[in-house]
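The sequence shown begins at 1 in full-length UniProt numbering and counts up one residue at a time. A virtual CB, placed ideally from N, CA and C, is assigned to each residue, including glycine.
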Amino acid sequence: MNILRSYSNWRRYRRTVNALRHLSTYELNDLGINRGDIDSIARQCSRRSR
1 MNILRSYSNW RRYRRTVNAL RHLSTYELND LGINRGDIDS IARQCSRRSR
């Protein structure tokens with residue numbers, strides 16, 4: 001994996017984490033997400049959208 005792709009994946013991960021952390025607990029529940037799952041969900045999203 002080259003450095004640009006790694007950086008791009010990291011940025012996508014950080015954007016996803018920040019967006020999800022700004023949601024209220026009620027909004028996360030509506031999406032079926034627990035606050036403790038945010039990191040793993042963001043990791044999956046950053047890997048999936050290559």
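>> Please classify residue 42 as buried or exposed, where buried requires at least 16 other C-beta atoms within 10 Å of its C-beta.
In response: buried
>> Quick check: what's the CA-CA separation for residue 12 versus residue 21?
In response: 14 Å
>> Is the beta carbon of residue 33 closer than 8 Å to that of residue 17?
In response: no
> With a Cβ-Cβ cutoff of 8 Å, do residue 25 and residue 14 count as a contact?
Replying inline: no
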